[in-house]
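From first to last, the protein sequence lines stand for chains A and B.
Convert by adding 563 to the 1-based position in the first sequence; the result is the number in the working numbering.
Convert by adding 563 to the 1-based position in the second sequence; the result is the number in the working numbering.
Note that CB positions come from ideal geometry on N, CA and C, so glycine has one too.
Everything numeric in this text was worked out from a predicted model, so none of it was measured.
Report on one structure; see the data block that follows.
2 protein chains.
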Amino acid sequence: MDRTARHSETRYGNRPTMKDVAARAGVGLKTVSRVVNSEPGVTPDTERRVQEAIEALGFRRNDSARVLRKGRTASIGLVLEDLADPFYGPLSRAVEEVARAHGALLINGSSAEDPEREQELVLALCARRVDGLIVIPAGDDHRYLEPEIKAGIATVFVDRPAGHVDVDMVLSDSFGGSREGVAHLIAHGHRRIGFIGDQPRIHTATERLRGYHAAMADAGITVADGWVSLGSTEPERVRMAVEEMLSGPEPVTAMFAGNNRVTVTVVRVLAERERPVALVGFDDIELADLLGITVISQDAAAVGRTAAEHLFRRLDGADHATARVELPTTLIPRGSGELPPA
Amino acid sequence: MDRTARHSETRYGNRPTMKDVAARAGVGLKTVSRVVNSEPGVTPDTERRVQEAIEALGFRRNDSARVLRKGRTASIGLVLEDLADPFYGPLSRAVEEVARAHGALLINGSSAEDPEREQELVLALCARRVDGLIVIPAGDDHRYLEPEIKAGIATVFVDRPAGHVDVDMVLSDSFGGSREGVAHLIAHGHRRIGFIGDQPRIHTATERLRGYHAAMADAGITVADGWVSLGSTEPERVRMAVEEMLSGPEPVTAMFAGNNRVTVTVVRVLAERERPVALVGFDDIELADLLGITVISQDAAAVGRTAAEHLFRRLDGADHATARVELPTTLIPRGSGELPPA
DNA sequence: CATTCTGTTGACAACGTTGTCCAGGGCCTA
DNA sequence: TAGGCCCTGGACAACGTTGTCAACAGAATG
C-alpha cells in the first residue's frame, strides 16, 4: 500500500478537489475556484465545462480549507446551560435565525451548569475560530476569555453577567420582574410568602431573591426564617422545600418560584394539596394558561434575537463601548397569583 | 498600508501561530506542535519553555488548519425541524451528550419543515466536512446526499425515513402507537373518533393516520368524511378542524391528535367547551400529567441517543448493512383518554 | 576508541482553498 | 500594421497545522 492510498483512507473518503475538477474540465485550478464562487471573468462556455465536471465528480468545496485561507468561519458558537430546557429552545432558535440571515452556522453545546465544562466548550469553539460567541455562563469568572476577546472573537453574554471581563450583555430584568411578582402577591393580601430559587451561585437566582426582598421590604414585611430556599432545581429538593414551607404553625400562603423548573415542581406539589396556595413563577411555561399559573414572563426568543443582533453588529465592525441591555419582563395573571390567602 | 497589514485585518485578529510560539521559545515548529498535542518525545525543560511562550502569547491552536491536515473535524451535524419544538430539545441534548463522549462538537440547524432549506443546511454541513450527519428530514427525496455518503459522511436519519437513499434510520413506531391510542379510545366506548394530524407530506403524519385507520378497521368502524384532517399545525388551522368535527349533527366524541403541537391546540379548544370530549395525543407534553392528558409517549432522548450511537459506531468503522431501528411507544393514561362518550 | 542505539529535535512537504499577478489573445484605434 | 486596452485563464504562494524523515547528541556496547 503506497503512501497516497494510505492517506486517502483517513481523509475525506477520497473526495475530489478543485484540482481534480480542473483536470477533468481541462482548465486551471483558479478557474474552478472562480466558478464555484460565482466570481466574474469566466466565459459561459468554460463555466459550463466546469459545472459538468463538478457534477460528474460530485465535488463539494472543502470549507475547512476555505476557512483557513479566508480567516472567517461564518459560524458562531452558542454555549447554554441545557438545550433540553424549554427556555433555551426558543432562545437557541432565535439565535439560529439571525445567524442564518447572516449566512452563519450555529455550533452549540450545553454546559450543564458546570463552570469547567463551560470553559472547555468555549475554548473548543475558540479553537475552531468561530467568528463570535454567545454564552449563557455557568461560572462567574471569565478571565480565561480575555486572550480570545483580544484576538477578535466577538462575544455576548446572555441571561447572566460575565465575571471580570468587559463584554456585551443581554439580560432580563430579574430583579424588577421578581419584585413585581412578589408585590402582586402582596397586593392580593398575602404576607407570608415563600421564595424557592436556583443555586445562589447563579446570578439570576440571587437577583430574583433580591427582588423578593425588595418587594417584602416595600410592604414593611419582615421575612421569616424558612421562607427562603435556594438550591438545586431537582424535583426532590424543591418538593422538600415546598413541603417545609407549607408545614409548621405559620405556613406560607403564597409562593414565588424562581424559574420554570422550580415552578413545574411547585405546581405538582400544590396540586396534591387541599388548601389552595397562591403561586407566581418566573418564566412562562407551555400550557401554563390552561393550568391558570400566573407568571413573570421573559421573552426567550427576544433575548436570543437581541443577543445575536448585537453579536453580528460587532462582527460587522461596530466598536462602540460594550453594552448592557436589560429586557423587561411581563406579569401575566392567570389565576394562581390572584388567589387570596387561605 | 502594506500587504501584511491588510491581511491581518481580515484574519483572526493577528492571533499568534505555532511559528510565533516556536520563535519565542527558541525551538522548532514541530516541537510546539508536539507540546500542544501532548505527544511524547519532548524533554520537560523544553516543554516548560514552550508552555510559557504559549501562555505569554495567548496562543490557541487553529483547529481549521488542523482539520485540513488531519481530515477529521470531530464535529457532527444535526438537522432538525425546529429547535424550539419541545420534542427536539431533549433529542438534541441526547445527541450532544453522545457527541461529547466521543469528543465531537455539534453543529445544528433547523429546516423549518422546508425541504429546500433542509438540503441547503445538509450540504453546508457537508462542505464543512462534518464527520457525520443526523437528519430529521423535511423532504422526501434525499438523492442529493448520495455523493456525500459515497464520499464517506456517515448519516443517520431520525424520526422519518429517508427517500431514495440507503442509510441508517431510527424511527418511532408511529403506526403502532397511533393504533394503540385509537384502540384505547374505542375500548372506552367511542366510535365517532376524529384524527387531526400534520401535513400528509410528512411520513409520521401518514403513518399515524394509517394507525388510526387500522384501529378503526379492527373495530369494524367505518370512518366518516370529516373525521380526518391533515394539514399544518398552525393553531388557526387546528382550531378550525376541531371545531368542525365537534359541530354538525353527529359530532365526534373523541379525538386523536397527531403530534404535540396539535395536542396543545386541541386541549385549548376543548377547554373552552362544555361537553367533554375524550382525547389522546401523540407525544408527551410537559405538565400533561397535571392536565390529565392521555398520550402516546415516545422517548425523544432515547431516539436521539440511539441515533447518535449508531452514527459513532459507523464512524468507528462499522460497515454492516444499513439498519432500521424502530423504537416502541408507550401509552400513558391520565384521564382525558378514558372519558366515556358524551 | 569505534560502533550502534536511543531519544530529542527541526526542516520540509502536504492538506485544499483563495489572492495576486502575469501571460496571451482578441479587439479597437490611429 | 503597430500600439494599446480589455478580457480570460493559469501559475504560484500563502493560510496554520501535522506527518515524514533525517540529523544530531549522548549513552551503551563491542
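From Arg723(A), Gly900(A) and Gln861(A), residue whose alpha carbon lies closest to that of proline 649(A): Gln861(A)
Cα-Cα separation, leucine 668(B) to phenylalanine 819(A): 38 Å
Own chain partners of arginine 897(A) with C-beta closer than 7 Å, once the 5 adjacent residues on each side are dropped: Ala851, Asp852, Gly855, Ile856 and Thr857
Identity of the residue in Gly634(B), Asp729(B) and Ala675(B) nearest lysine 713(B) by Cα: Asp729(B)
Aspartate 781(B), buried or exposed, once every other Cβ within 10 Å from all chains shown has been counted against 16: exposed
Which listed residue (Pro891(B), Ala871(B) and Leu833(B)) has its alpha carbon closest to that of aspartate 731(B): Ala871(B)
Extent of the continuous alpha helix (DSSP H) run through arginine 887(B): First-last for arginine 887(B): 887-890, but that is the beta strand (DSSP E), not the alpha helix (DSSP H).
Residues of its chain near alanine 865(A), where Cβ-Cβ distance is below 8 Å and the 5 sequence neighbours each way are ignored: Ala657 and Leu890
7 Å Cβ cutoff met for serine 674(B) and glutamate 709(B): no
Chain B contact for valine 630(A) (CB, 7 Å cutoff): yes
Cα-Cα separation between serine 571(A) and glycine 634(A), rounded to whole angstroms: Interpretation of serine 571(A) is limited by its pLDDT of 34, a score under 50 that renders its predicted location unreliable; the figure taken from the coordinates is listed afterwards. Rounded to the nearest angstrom, the two C-alpha atoms are 26 Å apart.
Among Thr636(A), Leu620(A), Glu618(A) and Ile617(A), nearest to aspartate 626(B) - alpha-carbon criterion: Thr636(A)
Contact with chain A by aspartate 731(B), beta-carbon distance below 7 Å: no
Cβ neighbours of isoleucine 895(A) in the same chain (closer than 6 Å, five flanking residues each side left out): Val858 and Ser860
Beta-carbon proximity of leucine 696(A) to glycine 640(A), cut-off 7 Å: yes
Close beta carbons around phenylalanine 875(A), own chain, < 7 Å, minus the five adjacent residues each side: Val661 and His665
Close-in-space but distant-in-sequence residues of the same chain around aspartate 694(B) (CB under 8 Å, 5 per side omitted): Arg635, Thr636, Ala637, Ser638, Ile639, Ala667, Ile716, Ala717 and Leu878
Distance between beta carbons of valine 843(B) and leucine 748(B), contact taken as under 8 Å: 6 Å
Per-residue contacts from threonine 636(A) into chain B (C-beta, under 8 Å): Ser627
Every unbroken alpha helix (DSSP H) within the segment 617-692 of chain B, with a cutoff of 4 residues, ordered by chain: 626-633, 651-664 and 678-690
Residues near serine 899(A) in its chain [Cβ-Cβ closer than 6 Å; skip 5 each side]: Leu842, Gly855, Ile856 and Thr857
Interface partners of valine 659(A) on chain B, CB under 7 Å: Here the sequence assigns glutamate to residue 659(A), which means valine is not the residue at that position. Neighbours of glutamate 659(A) on chain B, chain order: Leu646, Gly672 and Ser673.
Buried/exposed call for aspartate 788(A), threshold 16 Cβ in 10 Å: exposed
Where methionine 564(B) falls, given that 16 or more other Cβ within 10 Å makes a residue buried: Note on methionine 564(B): pLDDT 31, under 50, position unreliable in the model; no value is reported.
Per-residue DSSP class, three states only, for arginine 574(B): Residue confidence for arginine 574(B) is low, a pLDDT of 49 falling below 50, so the modelled location carries little weight and cannot support an answer.
Contact set for aspartate 703(B): own chain, Cβ-Cβ below 8 Å, skip 5 residues either direction: Pro678, Gly726, Arg764 and His766
Start-to-end residues for the beta strand (DSSP E) that takes in valine 719(B): 717-721
Beta-carbon proximity list for glutamate 769(A), same chain, < 6 Å, skipping 5 on both sides: Looking at the sequence shown, residue 769(A) is not glutamate but threonine. Closer than 6 Å at the Cβ level, and outside the excluded window around threonine 769(A), lie Pro763.
Closer than 7 Å to chain A by CB, glycine 652(B): yes
Cβ neighbour criterion (16 or more within 10 Å) applied to arginine 569(B): Caution is warranted here: a pLDDT of 34 is assigned to arginine 569(B), below 50, making its placement in the model unreliable, and no coordinate value can be reported.
Interface positions of the segment 815-836 of chain B facing chain A (Cβ-Cβ less than 8 Å), listed along the chain: Val827, Val830, Arg831 and Ala834
CB contact check: alanine 568(B) to chain A, cutoff 7 Å: Residue confidence is low: alanine 568(B) scores 34 on pLDDT, short of 50, so the model does not pin down where it sits. Its coordinate-derived value is still stated next. No, alanine 568(B) does not count as interfacial toward chain A.
C-alpha distance - aspartate 736(A) paired with arginine 800(B), whole-angstrom precision: 36 Å
Outcome for asparagine 600(B) when other beta-carbon atoms lying within 10 angstroms are tallied against a minimum of 16: exposed
Residue environment, threonine 785(B), which counts as buried when at least 16 other CB atoms sit within 10 Å: exposed
Three-state class that DSSP yields for glycine 774(A) in the structure shown: helix
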